Amino acid sequence: MIIGVPKEIKTNENRVALTPAGVKEFVKRGHTVYMQATAGEGSGFTDEEYQQAGASVLPTIEDVYEIAEMIMKVKEPIEPEYKLIKKDQLVFTYFHFASYEPLTKAMIDSQSVCLAYETVEKPDRSLPLLVPMSEVAGRMSVQQGAKYLEKTMKGRGILLGGVAGVAPAKVLILGGGVVGTEAAKMAAGLGADVTILDVNLARMRYLEDIMPANVNTIMSNEYNIRSLIQQADLIVGAVLIPGAKAPHLITRDMLKEMRPGTVLVDVAVDQGGCIETCKPTTHENPTFIIDDVVHYCVANMPGAVPYTSTLALTNATLPYALQLAEKGWKKACRENEELKKGLNIIQGKVVYQAVAEAFDLEYTSLEEVL
Ligand SMILES: NC(=O)c1ccc[n+]([C@@H]2O[C@H](COP(=O)([O-])OP(=O)(O)OC[C@H]3O[C@@H](n4cnc5c(N)ncnc54)[C@H](O)[C@@H]3O)[C@@H](O)[C@H]2O)c1
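According to the working numbering, the sequence shown holds residues 5 to 374 in order.
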């Protein structure tokens with residue numbers, strides 16, 4: 005198969021869909037890979053490294069879309085890319101169709117095959133191509149939180165781990181899923197006093213078993229949250245209710261009960277946030293202050309660490325991409341239920357129910373197309 009990897013053109017996107025190591029895996033199996041020049045630059049990979057791994061480098065984005073049977077990307081295509089996508093071309097990337105109608109319509113019109121990273125699903129309902137970014141964001145939340153707790157950053161001026169004779173900071177984590185668990189590991193490793201709140205008892209039992217002694221779990225409810233926020237130094241929002249907006253577990257009136265300089269990192273901001281006063285910010289201007297409480301609400305946290313994020317993402321996508329290249333999308337999806345769930349739009353037909361429902365479009369069942 006001919007695989008094409010364009011350079012990401014969305015603002016501030018430095019990740020790339022394939023590393024030189026990934027190129028080698030394709031080439032080893034007899035496939036051809038075309039990289040757009042400087043596609044890997046933002047993640048620290050040079051054109052020469054890709055060439056040494058066996059890829060050819062093409063000068064423009066048009067060249068890559070023109071030649072490829074499968075396009076591998078990171079972010080959803082944006083407007084200038086719509087017209088480059090060809091009939092029957094396989095596009096494997098994050099799409100998040102249900103959140104943007106113009107993209108959905110453009111991909112229907114393109115007659116391409118759209119396989120979305122975010123809906124590839126394992127039998128236990130976990131989303132293997134979303135997990136790596138949650139891992140990155142979870143770990144980063146504590147790194148960022150520690151920084152904004154410094155006095156010059158308007159925080160309380162407290163060191164997460166304390167020192168001998170001085171108590172460590174208290175870190176409160178709302179939601180003990182992928183983001184919350186990674187945040188807890190980082191905060192605990194730095195010596196903080198960590199509390200995870202969740203509503204899922206089975207999950208909390210598991211966390212109690214695997215976490216170090218400086219991590220505790222507590223049932224998430226308004227009573228417990230109101231009492232714990234009064235003593236917390238850093239609060240990480242990591243709640244997810246699949247398919248729904250995040251619940252506002254911390255409301256505006258609760259800010260007055262917190263100490264000045266408390267830091268809130270709402271990782272769930274991409275789903276509306278679990279802290280009422282959070283609104284999306286960027287890496288250029290990540291924080292704002294309300295009632296002396298520092299809010300950090302960057303919607304694309306992994307974007308700050310493109311090297312780690314690219315490797316984490318491609319570790320997860322490559323095995324699926326190799327199957328698509330080896331078998332073609334139809335056979336690969338027939339034989340792999342996880343990949344099959346990633347199919348959203350096939351040659352003008354919407355085959356993912358939630359996308360059809362989001363925009364009142366005709367839904368075609370996969371069985372009719374595969
Ligand atoms: N900002 C970013 O850059 C970024 C990056 C990755 C993920 N995210 C977001 O982070 C959020 C968390 O993602 P995840 O992968 O950890 O999800 P997850 O499904 O693994 O975990 C969510 C957890 O929230 C818990 N929960 C549900 N309701 C709760 C409540 N009322 N109180 C406490 N806990 C509750 C669930 O039981 C679950 O354990 C999502 O909104 C995701 O989109 C943001």
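Beta carbons: idealized from backbone N, C-alpha and C, even for Gly.
All values reported here derive from a predicted model rather than from experimental measurement.
Asked: Leu365 - containing beta strand (DSSP E), residue span; Found: From DSSP, Leu365 is part of no beta strand (DSSP E); its letter is neither H nor E.
Asked: Contact test: Gln55 Cβ vs ligand 1 heavy atom, cutoff 6 Å; Found: no
Asked: Inter-residue spacing [alpha-carbon to alpha-carbon] between Glu186 and Ala217; Found: 16 Å
Asked: Same chain, Cβ closer than 8 Å to Tyr69, neighbours up to 5 away in sequence not counted; Found: Gly8, Pro10, Ile75, Glu85, Leu88, Ile89, Lys90, Gln93
Asked: Strand pairing of Tyr300, partner residues [DSSP]; Found: Val269, Thr291
Asked: Given Tyr1 as reference, the closest of Leu133, Met137, Thr281, Ile293 once Cα atoms are compared; Found: Here the chain has residues from 5 to 374 only, and residue 1 is not among them.
Asked: Meets three-Cβ-pair contact criterion under 8 Å: the segment 267-282 and the segment 242-253; Found: yes
Asked: Distance cut-off 6 Å: Ser313 Cβ against heavy atoms of ligand 1; Found: no
Asked: Residues sharing a beta bridge with Asp197, DSSP; Found: Lys174
Asked: Straight-line Cα distance separating Ile349 from Ser114; Found: 10 Å
Asked: Ligand 1 heavy atom lying under 6 Å from the CB of Ser224; Found: yes
Asked: Member of Gly165, Ser103, Leu322 whose CA lies at the smallest distance from the CA of Lys249; Found: Ser103
Asked: Where Ile6 falls, given that 16 or more other Cβ within 10 Å makes a residue buried; Found: exposed
Asked: Three-pair Cβ contact test at 8 Å for the segment 295-308 versus the segment 143-163; Found: yes
Asked: Residues sharing a beta bridge with Phe96, DSSP; Found: Met76, Leu119
Asked: Beta-carbon proximity check, Ile229 vs Leu253, cutoff 7 Å; Found: yes
Asked: From Leu259, Ile294, Pro251, residue whose alpha carbon lies closest to that of Gln275; Found: Pro251
Asked: Per DSSP, the bridge partner or partners of Ile245; Found: Answer is none; Ile245 lacks a bridge partner.
Asked: Where Tyr356 falls, given that 16 or more other Cβ within 10 Å makes a residue buried; Found: buried
Asked: Beta-carbon spacing of Asn220, Thr199 below 7 Å; Found: yes
Asked: Best match in Gly181, Cys278, Leu153, Glu280 for proximity to Ala236 [C-alpha to C-alpha]; Found: Leu153
Asked: Val9, enclosing beta strand (DSSP E) - first and last residue; Found: 6-9
Asked: Helix, strand or coil at Asp67 [DSSP, three-state]; Found: helix
Asked: Closest by C-alpha distance to Ala308, when choosing among Ile214, His287, Asp128; Found: His287
Asked: Reference Val167; option with closest CA among Ala196, Thr321, Cys282; Found: Ala196
Asked: Closer than 6 Å: Arg129 CB and nearest ligand 1 heavy atom; Found: no
Asked: For Val373, three-class secondary structure by DSSP; Found: helix
Asked: Any non-hydrogen atom of ligand 1 closer than 6 Å to Val182 Cβ; Found: yes
Asked: Extent of the continuous beta strand (DSSP E) run through Val146; Found: That residue, Val146, is in no beta strand (DSSP E); its alpha helix (DSSP H) goes 135-152.
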